[in-house]
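**Student:** Protein chains in written order, with the working numbering: chain A, 148 to 313; chain B, 8 to 847. My structure is below; once you've seen it, I'll send some questions.
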Amino acid sequence: MGVRLSEIIEVHAGGMRDGAEFKACLPGGASTAFLPGEFYDIEMDFETMRKAGHRLGTGAIMVFDQKTCLVAATLNLTEFFARESCGWCTPCREGFPYMRDLLWRIEHGQGQEEFISILSQMCRHLWNSYCAFAPGGVAPIESLLAYFEDEVHAHIEKKKCPFNDK
Amino acid sequence: MPKLIIDNQEIDVQPGTKVIDAAEQLGIMIPRFCYHPALGSVGACRVCAVKFLQGPFKGVQMSCMIDAKDGMVVSTTDEEAVDFRKYVIEWLMLHHPHDCPVCDEGGHCLLQDMTVAGGHGLRRYQGKKRTHHDQHLGPLVQHEMNRCIQCYRCSRFYQKFSGYRDLGVLQIGERVYFGRYQAGTLESPFSGNLIDICPTGVYTDKPSRFIGRRWDYERTPSLCINCSLGCHTVVSTRYREIVRQEARFSEAVNGHFICDRGRYGFFYASQEKRPRYAQINGNEVSWEKSIQTARDQLNRISQESGPGAVASVGSVRSSLETQAALSRLCQKKGWQGPVYWIDHGQEMNVKTAAAELADELAVSLRDVEQADYILAVGADPVNEAPMLVLALRQAQRMGAKVCFLDPRPIGLPFSFQHISVAPQAMDLILAHLLKETIDQDTIKGLEPHEKKIFDAIPNNSHLVSSNQKLLNAVANDIRLSQRLVIVCGTDVVSETIPERAAYFARLLAKMGKQVGLFYLLPGANAFGAALLSDDAPTFGRILDEIEAGLVRALVLVENDPYGYYPDRPRLERVLQQLDLLLVMDYLDVRTIQDADVFLPTLTLYEAGGFFVNQEGRIQKASIAYQGGHPISQFSNGNHPPRSFRNQIPGKEAQPAWQALIELANENSATPKQGVRADILAWLVKTHPLFSKLPPDNAFPSDGIRINPGKDIHFRSAADRLVVPTLASESADQMELITVDWTFGTEELSTRSPHLRKMESKPCVFMHSNDAAQLDISEGDKVAVRSDTGIVSIHVTITDNMAPGVLIIPRHQRLDWQHLGASKITVSKDQIRKIREEEPC
Chain A
148 MGVRLSEIIE VHAGGMRDGA EFKACLPGGA STAFLPGEFY DIEMDFETMR
198 KAGHRLGTGA IMVFDQKTCL VAATLNLTEF FARESCGWCT PCREGFPYMR
248 DLLWRIEHGQ GQEEFISILS QMCRHLWNSY CAFAPGGVAP IESLLAYFED
298 EVHAHIEKKK CPFNDK
Chain B
8 MPKLIIDNQE IDVQPGTKVI DAAEQLGIMI PRFCYHPALG SVGACRVCAV
58 KFLQGPFKGV QMSCMIDAKD GMVVSTTDEE AVDFRKYVIE WLMLHHPHDC
108 PVCDEGGHCL LQDMTVAGGH GLRRYQGKKR THHDQHLGPL VQHEMNRCIQ
158 CYRCSRFYQK FSGYRDLGVL QIGERVYFGR YQAGTLESPF SGNLIDICPT
208 GVYTDKPSRF IGRRWDYERT PSLCINCSLG CHTVVSTRYR EIVRQEARFS
258 EAVNGHFICD RGRYGFFYAS QEKRPRYAQI NGNEVSWEKS IQTARDQLNR
308 ISQESGPGAV ASVGSVRSSL ETQAALSRLC QKKGWQGPVY WIDHGQEMNV
358 KTAAAELADE LAVSLRDVEQ ADYILAVGAD PVNEAPMLVL ALRQAQRMGA
408 KVCFLDPRPI GLPFSFQHIS VAPQAMDLIL AHLLKETIDQ DTIKGLEPHE
458 KKIFDAIPNN SHLVSSNQKL LNAVANDIRL SQRLVIVCGT DVVSETIPER
508 AAYFARLLAK MGKQVGLFYL LPGANAFGAA LLSDDAPTFG RILDEIEAGL
558 VRALVLVEND PYGYYPDRPR LERVLQQLDL LLVMDYLDVR TIQDADVFLP
608 TLTLYEAGGF FVNQEGRIQK ASIAYQGGHP ISQFSNGNHP PRSFRNQIPG
658 KEAQPAWQAL IELANENSAT PKQGVRADIL AWLVKTHPLF SKLPPDNAFP
708 SDGIRINPGK DIHFRSAADR LVVPTLASES ADQMELITVD WTFGTEELST
758 RSPHLRKMES KPCVFMHSND AAQLDISEGD KVAVRSDTGI VSIHVTITDN
808 MAPGVLIIPR HQRLDWQHLG ASKITVSKDQ IRKIREEEPC
């Protein structure tokens with residue numbers, strides 16, 4: 148506990164691959180928020196993370212480099228939550244597929260500016276779900292909009308994924 | 008009493024009240040889909056979100072999940088909560104089809120109301136709507152799964168509330184599916200309630216599909232008369248025809264639900280075959296002519312042979328008004344009767360039950376739910392009074408144990424104990440159970456006459472010893488319980504049982520227990536008939552007197568002996584001997600063919616009226632519509648007739664009480680106004696019980712309970728209680744009893760074409776031991792020979808019934824009326840296996 152994120156990546160995990168730069172990571176599994184570069188040296192324990200507005204979660208760290216599209220990554224994660232929702236309560240059962248649809252459209256060049264506000268409102272409302280599954284599941288989307296909103300805008304303006312040259 | 012503030016209004020509520028209900032008490036209707044008072048809070052739909060501003064909870068919370076507490080300040084109009092609720096509607100509408108114009112729920116759809124109320128009008132979601140396959144769920148319920156909003160009400164009602172397992176929720180997430188593992192007719196006899204509780208159009212009423220919109224219908228509070236419980240219903244009428252019946256909430260009787268027999272049992276009222284015109288000797292004549300002819304002939308016979316030469320038979324399905332008018336007519340003219348029961352044993356059981364049901368012992372159907380132990384004696388709820396099953400289930404869910412003492416193969420959607428003994432042995436077993444249960448102090452404190460009954464109970468017999476372990480366990484459970492209900496049937500039981508059950512209840516009450524007594528009676532107004540019937544004649548004696556030429560005229564009021572009298576050849580013969588057979592009915596009964604004079608009467612829906620249910624509760628049904636041919640039958644379709652007339656075609660029928668009053672009057676110019684008030688006034692004079700009846704416009708929704716107790720003088724079975732009947736010892740003899748079935752035996756509901764599809768084929772139930780002994784296999788056809796005829800019937804073999812007993816449901820498609828009596832003893836050589844093609 149308390150080991151710095153940078154140390155975990157560089158020392159214990161063998162460092163970034165050649166040519167890859169740290170862009171963000173999920174510090175503790177799919178239900179935690181993206182941790183952008185500014186937290187690269189954060190001490191990985193519950194208290195420090197909580198103070199920084201993040202969660203240590205499961206401690207399963209997933210690192211993304213600068214060539215990775217975080218909209219696509221979030222879409223992938225949301226796909227998972229949409230599939231795994233038990234279906235008991237409305238926000239989770241219907242909210243995740245709805246957000247998956249919006250993220251898919253953004254990623255595939257069909258995004259519209261108002262999608263961003265719908266996404267952010269829906270994330271807030273999914274906190275009113277029956278259990279803690281949905282509040283965890285929206286964490287990647289919330290942090291995508293908080294730290295990487297420009298990337299989302301770029302998708303919408305260019306009507307395509309900027310990481311995909313084709 | 009928690010005091011809280013909702014939308015700036017202060018309210019005190021009972022502890023345990025949910026915030027959603029507290030708001031409703033203030034007139035604030037918080038939206039809800041999954042929440043239902045009978046099914047409880049589960050917090051699935053999330054549409055009842057409100058904002059908690061002060062108190063133990065903060066922020067947006069579900070108002071159905073939180074108990075009202077002191078100091079709470081709640082806003083239902085807070086911006087965040089409103090926005091969240093709008094999203095919930097949007098989410099639910101993502102996949103809900105926009106098919107309101109062709110959906111049968113449109114117009115009474117909660118989702119439609121909430122979508123409009125929430126202002127969700129523009130679709131933002133650009134994805135596809137998800138679709139599902141629908142299932143065939145039988146003839147009563149239409150399934151359209153695409154409309155589902157996953158409130159889980161159906162599976163919660165079907166499985167948790169009712170205990171049936173064949174419909175529920177499958178899969179997860181977006182793919183959640185509500186239905187059966189395989190398409191097929193729903194097994195629950197309460198399946199129609201899915202239609203009422205579904206907040207949208209997943210389950211809709213199949214028989215009334217596409218007939219009209221809610222606003223096309225005239226909706227009238229009514230009662231169900233398909234059994235003795237008297238559940239509350241709402242009937243929807245269109246163009247002189249009931250098209251739909253739904254449950255109406257009743258605090259005391261049925262709660263929110265009704266059974267399928269009640270829901271779809273109304274079709275008799277608009278049967279094409281329904282007799283609508285008065286007849287003399289089979290020829291249509293005017294009402295006045297019929298009345299005049301009947302009156303003249305009755306007077307003539309009365310003068311020639313004395314008033315005792317006229318006998319009358321009333322009906323347990325008639326309103327109290329009709330029963331009272333018949334009693335008054337008989338008293339005025341000196342006629343014999345009215346007799347209400349074709350089977351005298353059943354008559355004695357009902358009258359004993361009515362007399363024994365003292366006010367302090369009577370409990371309502373809803374009270375049964377509160378019991379912690381229920382002992383049912385000679386009662387088969389699913390078949391005799393289906394809604395009792397749901398009441399028992401609620402008690403069982405709360406931890407109550409349920410025990411049945413009955414020969415029949417009792418089927419219930421929950422676990423229970425079943426002491427299956429032959430009908431003759433039931434009283435002995437019950438008496439033994441009583442002896443095992445009552446403690447010494449109570450026995451010492453008994454009055455001498457009660458002590459005498461107690462002392463007369465014999466000691467162990469072989470019947471008791473073979474059930475000893477189970478009986479000991481039951482007696483022990485009864486001793487440990489605090490709130491008992493004894494349910495007692497009056498159909499298959501011997502004459503001592505209803506009184507024994509009451510005796511048991513009184514003794515348990517002396518032991519300091521809270522005890523309720525709940526009888527089941529045959530017929531919706533059997534209780535009223537017990538109060539108003541004449542004790543002297545019996546139907547059997549009337550037939551004897553007809554044969555002897557002493558009775559020359561018979562008046563049948565809404566009673567068809569062909570349906571109940573167990574010796575059909577004799578009945579046919581005897582009715583032929585009458586000088587006058589006057590029949591009044593609204594059903595196409597067989598006696599109309601034999602009638603010299605026939606008068607068509609009105610149904611409950613057209614005439615309204617009072618009915619007294621099995622707990623002695625007088626309830627009122629309103630008039631739903633004025634009679635006459637339904638338009639659908641009269642002018643080739645639903646369009647009103649294009650030819651104009653000055654009266655409704657087929658409207659000649661009158662309430663039976665009207666006909667009886669016209670018969671009582673000496674001249675034909677009868678005033679038609681105010682006659683019902685006359686009967687009610689007469690009723691009040693007849694018995695002080697009826698003086699409690701409030702005026703029509705102030706009649707309480709849940710009715711008024713009148714329990715005469717011992718002060719009404721029926722023939723008491725008290726002396727007979729001293730010696731319990733002993734079971735037949737012969738292994739060669741079998742007891743044959745005829746019984747009710749949920750679908751197929753009750754005379755009103757069997758006239759429903761939709762319930763006919765729910766009927767099983769007629770059969771005789773036989774214990775597997777007996778079947779093995781007689782070399783009979785499942786499905787074999789047997790001929791049962793009685794003293795008066797032969798009944799040939801297929802065999803159903805089961806293990807959960809009493810050995811040595813044959814059980815035949817009185818199926819309308821079976822001529823069981825050749826058995827000679829409703830209960831007979833047959834020796835095994837009277838049961839013969841026959842080949843299918845062999846004539847019986």
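In this text, a Cβ means the ideal position worked out from N, Cα and C, and glycines have one as well. All values derive from a computational prediction rather than experimental measurement.
Can you pull the chain A neighbours of Gly50/B, defined as C-beta to C-beta under 9 Å?
**Tutor:** Along the second sequence, read from residue 1 onward, the residue named residue 50/B stands at position 43. The answer, in chain order, is Trp235, Cys236 and Tyr277.
**Student:** If we call anything under 7 Å between Cβ atoms a contact, is Gly162/A one with Glu190/A?
**Tutor:** As a first step, residue 162/A must be located in the first sequence, where it is residue number 15. As a first step, residue 190/A must be located in the first sequence, where it is residue number 43. For Gly162/A and Glu190/A, no; Cβs fall outside 7 Å.
**Student:** Checking 7 Å against the spacing of the C-beta atoms, do Glu376/B and Ala392/B come in under that value?
**Tutor:** Locating residue 376/B in the second sequence gives position 369, counting from the first residue. Locating residue 392/B in the second sequence gives position 385, counting from the first residue. Not closer than 7 Å, so no.
**Student:** Check whether the Cβ atoms of Val492/B and Gly523/B sit closer than 7 Å, and answer yes or no.
**Tutor:** The sequence position of residue 492/B within the second sequence is 485, counting from 1. The sequence position of residue 523/B within the second sequence is 516, counting from 1. Contact: yes.
**Student:** If you check the beta carbons only, do Val176/B and Phe164/B fall under 7 Å apart?
**Tutor:** On the second sequence, residue 176/B is found 169 positions in, with the first residue counted as 1. On the second sequence, residue 164/B is found 157 positions in, with the first residue counted as 1. No, the pair does not count as a contact, with Cβ atoms beyond the cut-off.
**Student:** Going by Cα to Cα distance, which pick from Ile287/B, Gly180/B, Cys337/B and Trp222/B is closest to Cys239/A?
**Tutor:** In the first sequence, the residue the question calls residue 239/A occupies position 92. The option with the nearest alpha carbon to Cys239/A is Gly180/B.
**Student:** Look up Tyr210/B in the DSSP assignment and give the residues it is bridged to.
**Tutor:** Here residue 210/B corresponds to residue number 203 of the second sequence, with the count starting at 1. According to DSSP, Tyr210/B bridges with His150/B.
**Student:** Just the chain B side, please: which residues come within less than 9 Å of Ser232/A by C-beta, in chain order?
**Tutor:** Counting from 1 along the first sequence, the entry for residue 232/A is found at position 85. Simply Ile179, Gly180 and Glu181.
**Student:** In angstroms with no decimal places, state the Cα-to-Cα distance between Ala88/B and Thr122/B.
**Tutor:** The residue labelled residue 88/B in the question sits at position 81 within the second sequence. The residue labelled residue 122/B in the question sits at position 115 within the second sequence. Taking the straight line joining both Cα atoms gives about 16 Å.
**Student:** Looking at the structure shown, is Gly113/B part of a helix, part of a strand, or coil, going by DSSP?
**Tutor:** Numbered from its first residue, the second sequence carries residue 113/B at position 106. Note: Gly113/B maps to coil in three-state DSSP.
**Student:** Please confirm if His272/A has its CB atom under 7 Å from at least one CB of chain B.
**Tutor:** Residue 272/A sits at position 125 when you count from the first residue of the first sequence. Cβ-Cβ to chain B under 7 Å: yes for His272/A.
**Student:** What is the residue span of the alpha helix (DSSP H) that Thr598/B lies within?
**Tutor:** The sequence position of residue 598/B within the second sequence is 591, counting from 1. Its alpha helix (DSSP H) spans residues Thr598 to Asp601.
**Student:** Mind checking whether Gly126/B and Ala369/B have CB atoms under 7 Å apart?
**Tutor:** As a position in the second sequence, residue 126/B is number 119, starting the count at 1. As a position in the second sequence, residue 369/B is number 362, starting the count at 1. No, these two residues do not count as a Cβ contact at 7 Å.
**Student:** Flag Ser723/B as yes if its beta-carbon sits less than 7 Å from any beta-carbon of chain A, otherwise no.
**Tutor:** Mapped onto the second sequence, residue 723/B falls at position 716. With a pLDDT of 48 at Ser723/B, under the threshold of 50, the predicted position of this residue should be treated as unreliable, though the coordinate-derived value follows. So, not an interface residue.
**Student:** Quick check on the DSSP output: the beta strand (DSSP E) that includes Gln584/B runs from which residue to which?
**Tutor:** If you number the second sequence from 1, residue 584/B lands on position 577. Gln584/B -> no beta strand (DSSP E), and no H or E assigned at all.
**Student:** In the region 71-105 of chain B, which residues sit with their C-beta less than 7 Å from some C-beta in chain A, listed in chain order?
**Tutor:** Residues passing the 7 Å Cβ filter: Phe91, Tyr94, Val95, Trp98, Leu99 and Leu101.
**Student:** At what residue ranges does the region 235-309 of chain B contain a whole run of the alpha helix (DSSP H), taking only runs of 4 or more?
**Tutor:** Complete alpha helix (DSSP H) runs here, min 4: 267-270.
**Student:** To which residues of the same chain is Ser215/B closer than 6 Å at the C-beta, ignoring the five residues directly before and after it?
**Tutor:** Residue numbering aside, residue 215/B sits at position 208 when the second sequence is read from its first letter. Counting only Cβ-Cβ distances below 6 Å, and skipping sequence neighbours, we find Val250 and Arg251.
**Student:** Just tell me which of Val218/A, Phe310/A, Ala219/A and Ala167/A has its CA closest to the CA of Asp212/A.
**Tutor:** Taking the first residue of the first sequence as position 1, residue 212/A is located at position 65. For the residues Val218/A, Phe310/A, Ala219/A and Ala167/A, the minimum Cα distance to Asp212/A belongs to Ala167/A.
**Student:** Applying the 10 Å Cβ sphere with the 16-neighbour rule, what's the burial state of Val183/B?
**Tutor:** To locate residue 183/B, count along the second sequence from 1; it is residue 176. Flag for Val183/B reads buried.
**Student:** Quick one, are the C-beta atoms of Cys155/B and Val242/B less than 7 Å apart?
**Tutor:** The sequence position of residue 155/B within the second sequence is 148, counting from 1. The sequence position of residue 242/B within the second sequence is 235, counting from 1. Against a cut-off of 7 Å, the Cβ pair of Val242/B and Cys155/B comes out as no contact.
**Student:** Any idea if His150/B is buried or exposed, counting beta-carbon neighbours within 10 angstroms, 16 or more meaning buried?
**Tutor:** Residue 150/B sits at position 143 when you count from the first residue of the second sequence. It counts as buried.
**Student:** Using the beta-carbon of each residue, which ones in chain B are nearer than 8 Å to Ala229/A?
**Tutor:** Stepping through the first sequence from its first residue, residue 229/A is reached at position 82. Those are Gly180 and Glu181, listed as they occur along chain B.
**Student:** Answer yes or no: does any C-beta atom of chain A fall closer than 7 Å to that of Met405/B?
**Tutor:** Against the second sequence, residue 405/B aligns to sequence position 398. No, no contact with chain A.
**Student:** At the level of alpha carbons, what is the spacing between Phe295/A and Glu260/A?
**Tutor:** For the purposes of this step, residue 295/A is taken as the residue at position 148 of the first sequence. For the purposes of this step, residue 260/A is taken as the residue at position 113 of the first sequence. For Phe295/A and Glu260/A, the distance between alpha carbons rounds to 15 Å.
**Student:** If you drop the 5 nearest sequence neighbours on each side, which residues of the same chain put their C-beta closer than 8 Å to that of Ser723/B?
**Tutor:** Translated into positions along the second sequence, residue 723/B becomes position 716. Annotation note: pLDDT 48 at Ser723/B (below 50); position unreliable, coordinate value reported separately. If we look at Ser723/B and ignore the five residues flanking it on each side, its Cβ neighbours are Thr359, Ala362 and Glu506.
**Student:** If we ignore side chains and look at the alpha-carbon of each, how far apart do Gln16/B and Ser276/A end up?
**Tutor:** One-based indexing of the second sequence puts residue 16/B at position 9. One-based indexing of the first sequence puts residue 276/A at position 129. Distance between the alpha carbons of Gln16/B and Ser276/A is about 28 Å.
**Student:** Would you decide whether His159/A is buried or exposed? Buried here means 16 or more other CB atoms lie within 10 Å of its CB.
**Tutor:** Along the first sequence, read from residue 1 onward, the residue named residue 159/A stands at position 12. Classification for His159/A: exposed.
**Student:** Using a cut-off of 9 Å between C-beta atoms, extract the partners of Gly865/B located in chain A.
**Tutor:** Because chain B in this structure spans residues 8 to 847, residue 865/B falls outside the shown range and cannot be described.
**Student:** In the region 403-484 of chain B, which residue ranges form an unbroken alpha helix (DSSP H) of at least 4 residues, counting only runs that do not cross its ends?
**Tutor:** For the region 403-484 of chain B, whole alpha helix (DSSP H) runs of length 4 or above, ordered along the chain, are 430-444, 447-451, 455-462 and 469-473.
**Student:** Roughly how many angstroms lie between the CA atoms of Ala725/B and Leu515/B, to the nearest whole one?
**Tutor:** By one-based count along the second sequence, residue 725/B stands at place 718. By one-based count along the second sequence, residue 515/B stands at place 508. Residue placement at Ala725/B is poorly supported in this model, since its pLDDT is 48, which falls under 50; the coordinates are not used for a value here.
**Student:** Return helix, strand or coil for Tyr187/A, following the three-state DSSP convention.
**Tutor:** Counting from one through the first sequence, the residue named residue 187/A turns up at place 40. Coil.
**Student:** Using a Cβ cut-off of 7 Å, pull out every chain A residue sitting near Tyr42/B, in sequence order please.
**Tutor:** For the purposes of this step, residue 42/B is taken as residue 35 along the second sequence, with counting starting at 1. The premise fails here: Tyr42/B is roughly 13 Å from chain A at the closest Cβ pair, so nothing lies under 7 Å.
**Student:** Can we say the region 797-817 of chain B touches the region 429-436 of chain B, given the rule of at least three CB pairs closer than 8 Å?
**Tutor:** Cβ pair count under 8 Å is three or more, so yes.
**Student:** Rounded to the nearest angstrom, what separates Glu443/B and Ala531/B at their Cα positions?
**Tutor:** As a working mapping, residue 443/B is identified with position 436 in the second sequence. As a working mapping, residue 531/B is identified with position 524 in the second sequence. Distance between the alpha carbons of Glu443/B and Ala531/B: 35 Å.
**Student:** So that I know if they touch, is there some Cβ in chain A lying closer than 7 Å to that of Leu53/B?
**Tutor:** The sequence position of residue 53/B within the second sequence is 46, counting from 1. Correcting the residue identity first, residue 53/B is Arg in this sequence and not Leu. Yes, its Cβ sits closer than 7 Å to a Cβ of chain A.
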